[in-house]
Structure formats: C-alpha cells, structure tokens
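Structure, as structure tokens:
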Amino acid sequence: MEGSPVPQSPVRSIIGSREGKGSGATFRAVNPATDQTLDEEFLPASVEDVDLALRLASNAFSHYRQTPGKQRASFLRKIAVKIESVANEVIERAHLETALPRTRLQGETARTCGQLRLFAQLVDEGSWVDARIDRADPDRKPAPKPDIRSMLQPLGPVGVFGASNFPLAFSVAGGDTASALAAGNPVVVKAHPAHPGASRLVGNAIRDVVKECALPEGVFSLLFDNATEIGAALVKHPLLRAVGFTGSRAGGRALMDLAASRPMPIPFFGEMSSTNPVFILPGALRERSEAIATGLHASFTLGAGQFCTKPGLVFYSESDGVQPFREKLRELVRGSSPFHLLTSGIRTSFNSGIASRKQRDATTRITESAGKASDAAPFVGAVLFETEARKFLLDPHLSREIFGPATLLVHHSSRDELLGIAHGLEGHLTATVLGTDSDLREYADLLAVLEEKVGRLIFNGFPTGVEVTHAMVHGGPYPATSDGRSTSVGSQAIFRFVRPICYQGFPNASLPDELKDANPLGIWRMVDGAMSRDAILPHFTTKAG
Numbered sequence: 005m006e007g008s009p010v011p012q013s014p015v016r017s018i019i020g021s022r023e024g025k026g027s028g029a030t031f032r033a034v035n036p037a038t039d040q041t042l043d044e045e046f047l048p049a050s051v052e053d054v055d056l057a058l059r060l061a062s063n064a065f066s067h068y069r070q071t072p073g074k075q076r077a078s079f080l081r082k083i084a085v086k087i088e089s090v091a092n093e094v095i096e097r098a099h100l101e102t103a104l105p106r107t108r109l110q111g112e113t114a115r116t117c118g119q120l121r122l123f124a125q126l127v128d129e130g131s132w133v134d135a136r137i138d139r140a141d142p143d144r145k146p147a148p149k150p151d152i153r154s155m156l157q158p159l160g161p162v163g164v165f166g167a168s169n170f171p172l173a174f175s176v177a178g179g180d181t182a183s184a185l186a187a188g189n190p191v192v193v194k195a196h197p198a199h200p201g202a203s204r205l206v207g208n209a210i211r212d213v214v215k216e217c218a219l220p221e222g223v224f225s226l227l228f229d230n231a232t233e234i235g236a237a238l239v240k241h242p243l244l245r246a247v248g249f250t251g252s253r254a255g256g257r258a259l260m261d262l263a264a265s266r267p268m269p270i271p272f273f274g275e276m277s278s279t280n281p282v283f284i285l286p287g288a289l290r291e292r293s294e295a296i297a298t299g300l301h302a303s304f305t306l307g308a309g310q311f312c313t314k315p316g317l318v319f320y321s322e323s324d325g326v327q328p329f330r331e332k333l334r335e336l337v338r339g340s341s342p343f344h345l346l347t348s349g350i351r352t353s354f355n356s357g358i359a360s361r362k363q364r365d366a367t368t369r370i371t372e373s374a375g376k377a378s379d380a381a382p383f384v385g386a387v388l389f390e391t392e393a394r395k396f397l398l399d400p401h402l403s404r405e406i407f408g409p410a411t412l413l414v415h416h417s418s419r420d421e422l423l424g425i426a427h428g429l430e431g432h433l434t435a436t437v438l439g440t441d442s443d444l445r446e447y448a449d450l451l452a453v454l455e456e457k458v459g460r461l462i463f464n465g466f467p468t469g470v471e472v473t474h475a476m477v478h479g480g481p482y483p484a485t486s487d488g489r490s491t492s493v494g495s496q497a498i499f500r501f502v503r504p505i506c507y508q509g510f511p512n513a514s515l516p517d518e519l520k521d522a523n524p525l526g527i528w529r530m531v532d533g534a535m536s537r538d539a540i541l542p543h544f545t546t547k548a549g
C-alpha cells in the first residue's frame, strides 16, 4: 500500500460546515503508475447528503446572491490564498492519485488560483452584469414610455462535476466553481473518484474560507462517490438550477438528458468530446515540415494525450514537404517513452480504441512507440495512424475521439476533398490551421467552414494549452459541448450561471445599485443605447413649447 497511514474512520463528504452521513462501501484512489490502492478511505455520499447539501445551498442563495461584488471578490481571492497555503500537500496527493508530474501539478495549482483571481477582478470591477437602462419618456405619443432597466442575476445552486484529467483546474475549485461563485451562486461539487484526496484538501480549504468570510455554510459542499448514483441524484434534485460538467461524451450526454427530463429542466453545460482537427496547408509543409512534425508530436502526447484539446485528426495534401513531415513524425512516435494514463478505465478505453482502429480497413499505416498499449501493464505507448481522405469520408469510426496519446493522419488529393472533410466535421473545441499568409488567402473558404464547427480557431500554433483570459473560448458546437454558445474557460464562463432580470417602473431607491441613477458602483452601463459610467437624470426633459 502507498500513501499516509489509514485513518481511524473514512473521509466523508463536506455538507456545508458538516460531515455527510454517507452510505455504502468505502472506496480508495489508485496510483495509476503502480496500480496500487492508496490508504485513505472515502465513504460515498448518500442521497440524504445530496438533499441536505441542496437545501443548505438554496437557503444560502437568498443571502449570497445579494453580496456585493467586492465581497465576492474578496472571498475568491481568499480561496486562492488558502489553496496556495496547502499547495505542497495538494500537489503530493494529486501526484499519487494521478501520476501526473509535480511540475505539471504546480502549474495547474497556479492556474486554479489564477482563475479565482481573474473572476475576483471581474466581479470587483462590476461591469460584467451588463446593466442596461432605458429611461422613461412620459411625453412620448401615443403612449408614454416606461422606465425599463435590466441586469444579469445569478441562477441559484449550481452542481459541478470534477474532471478526471485536471485534478485541480477543472475540479473542486476549478473554472466551473470559480465562475459560479463569482456570479453569486452556491456550489455543490461532485468530486471525481480518481483523485478524492486532492479534492478533499481543496474542499476543506474552501469550507474554511466560507466560515472565515462569515458566509452561509450552504455556499459550498463537496460530495464523494465512486459510482453514478450520487451524480444523478444531484442533477435531478429540484433545488438545483444549473450544472457544469467536464468528461466523456457518454457520461455528459446521460446527465444532459437527466437535466432536460426534469419536471423543471435546467441548463446543463457539458464539455464532452473533441478531436480538434489540424489542417496543414501546402505553404507550411514546404517551409517547415519537420518543425510541424515536432510540434504536432509534442501536442498530441502532452499529458499523455489526455487533454480535451489534443489534436486527434491531422489533414494535409500530398505536396512538397510531406515526406520529411511523415518521416520525422514517425521517428518521434517510435522514440516516445511510455505513458501512464490517469485511471485503469481510461487505459482500458484507450487500448480498446487502438485495437478497434487497427482492425479498420481504412487504416493503411500504423506507427507505434516501443511502449505499446497493453492491458497487463500500467502504461501505454504513442500510436500514429494514417489513412486517405476518401477512406476517411466513408468510415465515421475514424472521426471518433481516442482519449490518450494517439492521432490520425489523413492525406487528401484535392481541394474539394479537403472542403468535403471540413463540411462533414461535427462540433469541436478547436481547429488548427498551419500555413502562410498566402495559404490563408487561398483557403479563406476553409476558414469560413471551420468557423461554424469550433469554438476556437488557431493559426500557426497547437491547440493544447488553453490560456485563461477574458477573450478565451473553450467551447464549441455539440458534441464538443452541450451548448456551443458557452465557454468553460475565461471570464465569459460566468455567463453560464446567470439570467437577465428586468425592472420596469421601479422607484430608484428600490433598484439594485447597478441600476440606480447615481451609479454608486461606477460601472459601465448602457444608457439609452450608449455606454456610460456617468450618473444619469431619471427622466428625459421636455423642450419648452
């Protein structure tokens, strides 16, 4: 066995400031580098725990939704500081539970805290609420115009599902939680069973900060479970108002359907599946074929190919530079070191996907690293598949995501074939175009098609590595996400968990500060169609006759 000494009793869910009652058999995390279970035991949450967490969250909402943006900003910043204070312990535990390198986990910790501070900055400034004011015109004919004002307000308790591949940045205090809390929503997190220990440490940090900030205990809860019952109970609970999810297409679709089939359907924001196509245009192949091969190999094997933005499809023409590109990429794949995947389930799925693809008649060439995939070993090798465009277009199986260090090269013989491929793509998070300025002009019609297929277009870069910025879009048409109008990374992620509310004819004193004439918060607002930070007069003035 590995890890710390066995505790006297199993770890229970965090239900506000309380311990969950729990139910069923305990479970433990597994070190994917050794396939050995870790010592710490976790007791799955009970359905009663889910109910209590949502009742506490619903009670907390009436208070938390009215907290000023500056108070929520302080809350988020304190969470970041608290996580940094226990970062060494969190990183060590996450390393045991995921086999991810400590340097990667250090970067993920920094990203997690950076996200919290980004949303703190957003709500501290305050203009994100999109305040709009259309002043009354009592002299308008044939009927007076009423005073109408609107802004974004939080939805209510949000359920968040931790992801397997990012134990920190897409987990307990990740972007879904940070954006939901920033908007004024209490959060109930369902921890991923692959890294419950790291989740517990971060959950304890958030719980402690809730108490330090004198916020209602229901602002945050954390549920443990190693099956699907608790996640389903969370989504179906009548007090839940929205869901954030990152995971598989099958799991996301099941929860998405649950959210839609409730007596009162709720929005489900799921990031679920993407193969992130790469298009290598002729000019780029001629100028830097080997450099492209090196960059592509680094991208599709980064994190053992377990990034949601991993490039899984690569399209290019039989033109100058192809042979050096192919040979360099094959050489790099053959020389790849073995990779540890995050869970035995992911490893089994990867091995199954590789075996299935090898049996496809459409697959014409295969290159593998020395560390080949094996169910008996706790590691896998990189795999490179190759095929032709006409075969690719006839076999939908080749478009499917294989989560792990594998990619598929597809060579086409004409521009029409390339555009046919682009038109046939389903929704993806990203599409990458490698080319020259001349290529961009020549293939403008390809770019126009790709704009309809993805959330982020990349030129002369690679899709792995998602910057957390105000402009970032980490989303895309289905099945990349359940709602292609949303993003789960960047400050625009906050708009998933709010709705517009309109106030008509209210006296100034009864309006939220964001909508009052004096603009006490000093935010940007749309006043009669023009952006302004100025105080306003309550009514139009009439001209003397």
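All residue numbers for the sequence shown refer to my numbering, where the first residue is 5 and numbers rise by one. Note that CB positions come from ideal geometry on N, CA and C, so glycine has one too.
Which residue comes first and which comes last in the beta strand (DSSP E) that contains residue i?
i, result
"Asp-138", "136 to 138"
"Phe-224", "224 to 227"
"Leu-317", "317 to 321"
"Pro-269", "That residue, Pro-269, is in no beta strand (DSSP E); it is neither H nor E in DSSP."
"Gly-163", "162 to 165"
"Ser-536", "534 to 536"
"Arg-529", "529 to 531"
"Phe-283", "282 to 284"
DSSP puts residue i in a beta bridge; with which residues?
i, result
"Val-462", "The displayed chain sequence assigns Ile, not Val, to residue 462. Note: Ile-462 sits in a beta bridge opposite Thr-436."
"Glu-275", "Thr-250 and Thr-485"
"Leu-388", "Thr-371 and Thr-411"
"Leu-243", "DSSP output for Leu-243 lists no bridge partner at all."
"Tyr-447", "DSSP lists no partner for Tyr-447."
"Thr-41", "Val-34"
"Met-260", "For Met-260, which the question treats as bridged, DSSP gives no partner whatsoever."
"Phe-396", "The partner list for Phe-396 (beta bridge, DSSP) is empty, contrary to what the question assumes."
"Phe-46", "Val-15 and Phe-31"
Return the CA-CA distance between residue i and residue j, expressed in angstroms with no decimal places.
i, j, result
"Leu-306", "Ser-514", "54 Å"
"Pro-14", "Asp-180", "27 Å"
"Val-10", "Thr-279", "Per-residue confidence for Val-10 stands at a pLDDT of 48, beneath the threshold of 50, marking its modelled position as unreliable; the derived number appears in the next sentence. Their Cα atoms are separated by approximately 41 Å."
"Thr-546", "Arg-144", "Here the model assigns Thr-546 a pLDDT of 44, short of 50, so the residue's position is not dependable, and the following value carries that caveat. Going by the C-alpha atoms only, they are around 10 Å apart."
"Ser-21", "Pro-190", "14 Å"
"His-196", "Asp-324", "47 Å"
"Asp-212", "Ala-218", "10 Å"
"Gly-309", "Ala-264", "32 Å"
"Glu-294", "Leu-336", "11 Å"
"Ser-8", "Glu-392", "Residue placement at Ser-8 is poorly supported in this model, since its pLDDT is 48, which falls under 50; the coordinates still yield a value, given next. Rounded to whole angstroms, Ser-8 to Glu-392 spans 52 Å at the Cα level."
"Ala-98", "Val-206", "11 Å"
"Gly-465", "Leu-300", "9 Å"
"Met-5", "Ala-452", "With a pLDDT of 46 at Met-5, under the threshold of 50, the predicted position of this residue should be treated as unreliable, and no value is reported."
"Arg-139", "His-474", "31 Å"
"Ile-540", "Asp-521", "5 Å"
"Leu-605", "Phe-396", "Absent from the model: residue 605. The displayed extent of the chain is 5 to 549, so no value can be given."
"Ile-152", "Ser-536", "17 Å"
"Gly-549", "Lys-149", "In this prediction, Gly-549 has a pLDDT of 34, which is less than 50 and means its spatial position is unreliable; what the coordinates show is noted afterwards. So the alpha carbons of these two residues sit roughly 20 Å apart."
"His-241", "Phe-463", "43 Å"
"Val-282", "Ser-168", "25 Å"
"Val-192", "Ser-356", "34 Å"
"Val-176", "Ile-406", "26 Å"
"Pro-382", "Ile-505", "52 Å"
Could you check where the alpha helix (DSSP H) with residue i kicks off and where it finishes?
i, result
"Arg-503", "That residue, Arg-503, is in no alpha helix (DSSP H); its beta strand (DSSP E) goes 502 to 508."
"Phe-123", "106 to 129"
"Val-326", "326 to 338"
"Ala-475", "First-last for Ala-475: undefined, no H or E at that position."
"Gly-349", "348 to 362"
"Ile-498", "Neither: Ile-498 is in no alpha helix (DSSP H) and is coded neither H nor E."
Using 8 Å as the threshold, is the stretch 45 to 61 in touch with the stretch 258 to 274, meaning 3 or more CB pairs across them? no
Of all the alpha helix (DSSP H) runs that stay within the bounds of the stretch 52 to 103, which reach a length of 4 or more residues? 73 to 89 and 91 to 102
Would you call the stretch 41 to 54 in contact with the stretch 62 to 77, where contact means no fewer than 3 C-beta pairs closer than 8 Å? Flag = no, the stretch 41 to 54 and the stretch 62 to 77 do not touch.
Examine the Cβ distances between the stretch 159 to 173 and the stretch 516 to 531 and report whether three or more of them are shorter than 8 Å. no
Evaluate contact between the stretch 125 to 137 and the stretch 101 to 111, counting only Cβ atoms and requiring at least three cross-stretch pairs below 8 Å. Too few Cβ pairs lie closer than 8 Å, so no.
For the structure I just gave you, are there three or more beta carbon pairs, one from the stretch 181 to 188 and one from the stretch 486 to 499, closer than 8 Å? yes
Within 8 Å, do at least three Cβ pairs link the stretch 475 to 488 to the stretch 459 to 466? Between the stretch 459 to 466 and the stretch 475 to 488 there are three or more C-beta pairs closer than 8 Å, enough to call the two in contact.
If we require 4 or more residues per run, which alpha helix (DSSP H) segments fall completely within the stretch 156 to 238? 179 to 187 and 200 to 216
Okay, do the stretch 467 to 479 and the stretch 440 to 451 touch, 3+ Cβ pairs below 8 Å being the bar? These segments do not touch.
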